[in-house]
Amino acid sequence: MDVLNVEYMLGLVPVLLRYLPLTLQLAGIGMVLALFLACLFAVVRVLRIPVLNQLTIVFISFFRGTPLLVQLFLFYYGLPQLFSALTVIDGVTATVMGLTMHFSAYMAESIRAAIVGVDRSQTEAALSIGMTNGQLMRRIVLPQATRVALPTLMNYFIDMIKATSLAFTLGVTELMGATQKEAAGSFLYFEAFIVAAIMYWIVVELLSKLQNYLETRLNKAYNR
Amino acid sequence: MIKLESLSKHFGKTVVLDGIDLTIEKGEIVVIIGPSGTGKSTLLRCINFLEQPTSGTMTVGNLTVDVNRASRGDILAMRRQTAFVFQNYALFANKTALQNIAERLLVVDKWPKEKAYRRAREILEQIGLAEKADAYPASMSGGQQQRVGIGRAMAAGAEVILFDEPTSSLDPEWVEEVLGLMKQLASERQTMMVVTHEMSFARDVADRVIFIDGGHIVEQGPPSEIFHNPKDPRTKDFLKKILATNPV
Amino acid sequence: MKTLLINTLLAISLFASAPLLAQDKPLRVGMSGQYFPFTFVEQDELKGFEVDVMNALGKEMGRDIQYETANFSGLFGMLQSGRIDTVANQITITDERKKAYIFSDPYVYDGAQVVTKEGNTEVRGVEDLKGKTVAVNLGSNFEALLEELPYADQITIKTYESNLERDTALGRVDAFVMDRVSASQIIKEKPLPLELAGPTFSQITNAYPFHDTEAGRALRDEVNKALETLRDNGTLASISEKWFGTDITQP
Ligand SMILES: Nc1ncnc2c1ncn2[C@@H]1O[C@H](COP(=O)(O)OP(=O)(O)OP(=O)(O)O)[C@@H](O)[C@H]1O
Ligand SMILES: [Mg+2]
């Protein structure tokens, strides 16, 4: 393999592009669910809601303390072994479940830190004018915490996109699985993986652009 | 009208407020003075339920609650009747001056948007910051921020505005504009309870000065009486010290 | 989200009605798609010896074949959890696997082969692997074969998900062990500097694993019958000739 087989690479682009939507779908749905779960966990932790707080601590500890691949195997292969009805969990569902749980554990901690970081006197000011705890969270604390947490959350999202490549182990052919199979057929590993790498890269670059845009918007209130 | 009956606050074993009885008439301007750590802030915070009082009864306007039986609804209602101005302004950093003032009208009083912002603009006019409507707290001076803080308290239409050392965090150059605004409010007979070390404000504006020490009201009366003819040795002592550093 | 939900509901209803549909359901077959020339992909099309044999079996049995591809390390999990009916990925019959599954008749007879980088004079056969680093595919039984050697403790075994032939060509490992047929196929067709080192050192037979249940046994019997027909009418031999230039389906 002295020369890069450009013709092969170009031919591979439309083939691999067919699998990109699934990769984005896995990460996109995973991210939305993980964010939702992480916000719940963070609020439970901040308000120290009894029982739930302890459960959340154990949950976070487990899903941060074990590899994502192990979790995926547990959901996909382990659960059906215990309850045969759970064979209905297909690879896509198991992947989304795994990504959601795994990343929500990480994100909960950074959201919690961001919430705690919001100036306590603003909380008192909001309560002093008669806001409920819910209004306080929605209108004052979470918008400010979002700004602080955004860069970290974006990093997790990018991590999650790359982590979708584990889905092929559960029989889900996404971008990485398709690339591995094509490479096995052609033995042009370098060419195949460089095409896939560039696709991931472009997606992540676009996300970084989005992040810059959001950060500028959210920072509007803090420029002197 | 505000009426506190046997209001007490303990932090663990520490008794900070020890059975305070106090009545304030509508339109009255009350200044509270006293040494550091005697519970002045705690008193204001209890009235606003930022601290849960340990025992006693509070009446604000036509709302009376036994602090131990206060439901969530009672607490929210009491907070709506009592606006708070903080030493460090505590403006919402993610909201403009206009939004800071309109926030409670929109969220707590559920006014329609247009009406809330119209009222907020009126208040900005009154506090002389109309041109800062769209400015965020981070871009305003301390004096301007505290005026917005007062504007936020005014929007409430509360029975009483509670001021906890509103000028103590300010650079000297901004103190006058804030005191000026408070005087303006006083002249409109807005009921106010003010904790401050600004003795000139107490002398010129207050209807009544209350001296607190050790969780008790030690002495109270019109400023002329308290400043020129204090009866309790603790009041004398305190005034001597404070007037030495803060001459009237 | 919505499609996920629909998928799940669909899966539940399928599951509920599964026993009724057993006869008409397609045979679900797992493979890695990464084992040239048995199973691989070209321009999004799944191909290879395994695919051809399985398609012929399907035709003979009058069943549709539904292919599920996954990394090799996931295939037995999918079989175990009932997501596929069998695996078509050169699964070697071993005692260990026989404890968990039942096997069809073998359809490939092969041997383990040592492969080195071209011009490697040190490793000329299995007996030269002493003190060397040897690559095998993760989950394949070549690791077990190597560990049966008397000098197994002097061999460093490295397991790969894929790409072990590349690492051998790059000199990252001293050799890899794979079945003779696909090893010679790789050397013949692909631009990698590799060569066979010595004769095969252990005969292996490959077959389809099934669950040891009533349904699994029925499927196995069905497959065995079709295999026999294809063997007798020469279909198996001609598929083998097409891919390997030799008949690997006979002992
Ligand atoms: N959350 C709390 N927990 C325990 N003790 C507290 C708490 N808040 C206040 N205290 C104590 O209560 C006492 C009264 O505090 P407070 O802040 O009301 O005093 P103050 O009169 O406002 O003093 P200063 O003039 O310094 O502001 C102090 O001794 C203080 O340490
Ligand atoms: Mg104080």
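Residue numbers (the working numbering), protein chains in the order written: chain A, 1 to 224; chain B, 1001 to 1248; chain C, 2001 to 2251. Backbone N, C-alpha and C fix where the C-beta goes; we use that ideal spot for every residue, glycine too.
When the options are compared against residue i, the one with the closest alpha-carbon
i          : options                                           : result
Leu150(A)  : Asn223(A), Ser110(A) and Thr123(A)                : Ser110(A)
Met9(A)    : Thr169(A), Ile194(A) and Arg217(A)                : Ile194(A)
Val1061(B) : Val1067(B), Ser1141(B) and Gln1081(B)             : The sequence given here places Gly at residue 1061(B); Val does not occur at that position. Cα-wise, what sits closest to Gly1061(B) is Gln1081(B).
Glu2222(C) : Met2054(C), Leu2079(C), Val2041(C) and Lys2047(C) : Met2054(C)
Ile2091(C) : Thr2156(C), Asn2141(C) and Lys2130(C)             : Asn2141(C)
Leu1124(B) : Pro1223(B), Tyr1089(B), Leu1181(B) and Pro1166(B) : Leu1181(B)
Leu2219(C) : Asp2167(C), Asp2085(C) and Asp2179(C)             : Asp2085(C)
Gly1012(B) : Lys1115(B), Gln1052(B), Phe1084(B) and Ser1036(B) : Gln1052(B)
Ser1200(B) : Lys1231(B), Thr1235(B) and Thr1245(B)             : Thr1245(B)
Gly2171(C) : Lys2132(C), Phe2244(C) and Gly2030(C)             : Lys2132(C)
Glu1177(B) : Val1160(B), Ile1210(B) and Ser1141(B)             : Ser1141(B)
Ala993(B)  : Val1030(B), Ala1156(B) and Ala1138(B)             : This structure cannot settle anything about residue 993(B), because the visible part of chain B is limited to 1001 through 1248.
Asp1232(B) : Ile1242(B), Pro1223(B), Glu1219(B) and Glu1225(B) : Glu1219(B)
Asp1134(B) : Leu1076(B), Gly1039(B) and Ile1101(B)             : Ile1101(B)
Tyr156(A)  : Leu142(A), Gln81(A), Gln135(A) and Tyr106(A)      : Tyr106(A)
Leu2194(C) : Phe2103(C), Thr2121(C) and Val2051(C)             : Thr2121(C)
Asp1204(B) : Leu1091(B), Glu1173(B) and Pro1223(B)             : Pro1223(B)
Val204(A)  : Ile158(A), Ser128(A) and Ser61(A)                 : Ile158(A)
Thr169(A)  : Val92(A), Val13(A) and Leu206(A)                  : Val92(A)
Lys1003(B) : Asp1021(B), Val1015(B) and Thr1014(B)             : Asp1021(B)
Arg2083(C) : Ile2093(C), His2211(C), Lys2158(C) and Lys2130(C) : His2211(C)
Thr2205(C) : Asp2052(C), Pro2106(C) and Asp2095(C)             : Pro2106(C)
Met1001(B) : Val1085(B), Arg1189(B) and Leu1091(B)             : Arg1189(B)
Lys2158(C) : Ser2081(C), Leu2149(C), Tyr2151(C) and Thr2168(C) : Thr2168(C)
Phe36(A)   : Leu79(A), Ala108(A) and Val3(A)                   : Ala108(A)
Leu99(A)   : Leu166(A), Leu82(A), Asn133(A) and Gln122(A)      : Leu166(A)
Phe2076(C) : Glu2042(C), Glu2118(C), Lys2059(C) and Leu2138(C) : Leu2138(C)
Val58(A)   : Val46(A), Pro67(A) and Phe41(A)                   : Phe41(A)
Ser1273(B) : Ala1206(B), Glu1114(B), Ala1138(B) and Leu1162(B) : The question about residue 1273(B) has no answer here: the residues shown for chain B are numbered 1001 through 1248.
Tyr2208(C) : Arg2097(C), Asn2071(C) and Arg2063(C)             : Arg2097(C)
Arg120(A)  : Leu1050(B), His1197(B) and Tyr1117(B)             : Leu1050(B)
Asp1213(B) : Gly1039(B), Leu1076(B) and Lys1026(B)             : Gly1039(B)
Pro1035(B) : Asp1171(B), Val1016(B), Asp1109(B) and His1228(B) : Val1016(B)
Ala184(A)  : Asn2224(C), Leu2164(C) and Val2173(C)             : Leu2164(C)
Listed in chain order, which residues of the region 154 to 172 of chain A have Cβ atoms closer than 7 angstroms to some Cβ of chain C? Residues passing the 7 angstroms Cβ filter: Phe168, Thr169, Leu170 and Gly171.
Would you say the region 1039 to 1047 of chain B touches the region 1092 to 1112 of chain B, given that touching needs at least three Cβ pairs under 8 angstroms? Touching, no.
Taking Cβ-Cβ distances below 7 angstroms as the criterion, which residues of the region 98 to 110 of chain A are in contact with chain C? Among the residues of the region 98 to 110 of chain A, none has a Cβ less than 7 angstroms away from any Cβ of chain C.
Is there contact here, the region 157 to 175 of chain A with the region 25 to 41 of chain A, by at least three beta-carbon pairs under 8 angstroms? The count of Cβ pairs closer than 8 angstroms, one atom from the region 157 to 175 of chain A and one from the region 25 to 41 of chain A, reaches three, so the stretches are in contact.
Decide yes or no for the touch test of the region 2196 to 2205 of chain C against the region 2119 to 2135 of chain C: beta carbon pairs closer than 8 angstroms, at least 3 of them. Pairwise C-beta distances place the region 2196 to 2205 of chain C in contact with the region 2119 to 2135 of chain C, as three or more of them are shorter than 8 angstroms.
Indicate whether the contact test is met: 3 or more Cβ pairs, each with one atom in the region 2025 to 2043 of chain C and one in the region 2061 to 2074 of chain C, closer than 8 angstroms. Yes, since at least three Cβ pairs between the region 2025 to 2043 of chain C and the region 2061 to 2074 of chain C fall closer than 8 angstroms, the two stretches touch.
As an exercise, report each continuous alpha helix (DSSP H) stretch of at least 4 residues that is fully enclosed by the region 2077 to 2136 of chain C, in chain order. With a minimum length of 4 residues, the continuous alpha helix (DSSP H) runs that stay inside the region 2077 to 2136 of chain C are 2095 to 2100.
At least three beta-carbon pairs within less than 8 angstroms, the region 1142 to 1151 of chain B to the region 1060 to 1075 of chain B: Judged by Cβ distances under 8 angstroms, the region 1142 to 1151 of chain B makes no contact with the region 1060 to 1075 of chain B, as fewer than three pairs qualify.
Give me the subset of the region 2186 to 2199 of chain C whose CB atoms are less than 9 angstroms from a CB atom of chain A, sorted by chain position. Contact residues of the region 2186 to 2199 of chain C toward chain A are Ile2186, Glu2189, Lys2190, Pro2191 and Leu2192 (C-beta to C-beta distance below 9 angstroms).
Quick check: the region 2107 to 2117 of chain C against the region 2177 to 2184 of chain C, are at least 3 beta-carbon pairs closer than 8 angstroms? Taking 8 angstroms as the limit for Cβ pairs, the verdict is that the region 2107 to 2117 of chain C does touch the region 2177 to 2184 of chain C.
Quick test of the definition: if touching needs 3 or more C-beta pairs under 8 angstroms, does the region 1022 to 1039 of chain B touch the region 1184 to 1194 of chain B? Contact between the region 1022 to 1039 of chain B and the region 1184 to 1194 of chain B is present, because at least three Cβ pairs lie under 8 angstroms.
Contact between the region 2033 to 2040 of chain C and the region 130 to 146 of chain A: three or more CB pairs below 8 angstroms? Segments in contact, no.
Near-chain C residues of the region 71 to 87 of chain A - C-beta to any C-beta below 8 angstroms: Only those residues of the region 71 to 87 of chain A whose C-beta falls short of 8 angstroms from the nearest C-beta of chain C are listed: Phe73, Tyr76, Tyr77, Pro80, Gln81, Ser84, Ala85 and Thr87.
Ordered list of alpha helix (DSSP H) runs contained in the region 1034 to 1107 of chain B, each at least 4 residues: For the region 1034 to 1107 of chain B, whole alpha helix (DSSP H) runs of length 4 or above, ordered along the chain, are 1040 to 1047, 1072 to 1081 and 1097 to 1107.
Please go through the region 76 to 109 of chain A and give each complete beta strand (DSSP E) segment of 3 or more residues, from N-terminal end onward. Uninterrupted beta strand (DSSP E) stretches at least 3 residues long and entirely within the region 76 to 109 of chain A do not occur.
Quick one: which residues of the region 1097 to 1108 of chain B get their C-beta closer than 8 angstroms to a C-beta of chain A? List them in chain order. Cβ contacts with chain A come from Glu1103, Arg1104, Val1107 and Val1108.
Which residues, in order along the region 13 to 30 of chain A, keep a beta-carbon less than 8 angstroms from a beta-carbon of chain C? Within the region 13 to 30 of chain A, Val15, Arg18 and Ile29 place their CB atoms closer than 8 angstroms to a CB of chain C, listed in sequence order.
Positions along the region 40 to 51 of chain A whose CB lies within less than 7 angstroms of some CB in chain C: Residues passing the 7 angstroms Cβ filter: none.
Please enumerate, following chain order, all residues with a beta carbon closer than 5 angstroms to at least one heavy atom belonging to ligand 1. Having a Cβ closer than 5 angstroms to some heavy atom of ligand 1 are Phe1011(B), Val1016(B), Ser1036(B), Gly1037(B), Thr1038(B), Gly1039(B), Lys1040(B), Ser1041(B) and Thr1042(B).
Interface positions of the region 2063 to 2086 of chain C facing chain A (Cβ-Cβ less than 7 angstroms), listed along the chain: For the region 2063 to 2086 of chain C, which is checked against every Cβ of chain A, the residues closer than 7 angstroms are Glu2068, Thr2069, Ala2070, Asn2071, Ser2073, Gly2074, Gly2077, Met2078, Gln2080, Ser2081, Gly2082 and Arg2083.
Inside the region 2142 to 2177 of chain C only - alpha helix (DSSP H) runs reaching at least 4 residues: Complete alpha helix (DSSP H) runs here, min 4: 2142 to 2147 and 2164 to 2169.
Alpha helix (DSSP H) runs wholly inside the region 1106 to 1183 of chain B, at least 4 long, in chain order: The qualifying runs are 1113 to 1126 and 1142 to 1155.
Taking 8 angstroms as the cut-off, does the region 114 to 130 of chain A touch the region 52 to 63 of chain A (at least 3 CB pairs, one atom from each stretch)? Touching, no, given that fewer than three Cβ pairs across the two stretches are closer than 8 angstroms.
Tell me which residues of the region 188 to 221 of chain A have at least one Cβ-Cβ distance to chain C shorter than 8 angstroms, keeping chain order. The residues in question are Tyr189.
Taking a cut of 9 angstroms between CB atoms, which residues from the region 1046 to 1062 of chain B lie near chain A? Correct list: Asn1048, Phe1049 and Leu1050.
Beta carbons nearer than 7 angstroms to chain A: which residues of the region 2153 to 2178 of chain C have them? Under the 7 angstroms Cβ criterion, the region 2153 to 2178 of chain C contributes Ser2162, Asn2163 and Arg2166.
Cβ-based contacts, 8 angstroms cut-off: residues of the region 131 to 142 of chain A near chain B: Of all residues in the region 131 to 142 of chain A, only Met131, Thr132, Gln135, Arg139 and Ile140 place a beta-carbon less than 8 angstroms from a beta-carbon of chain B.
Return the residues of the region 2117 to 2149 of chain C that lie within a Cβ-Cβ distance of less than 9 angstroms from chain A, sorted by chain order. Here the close residues number zero.
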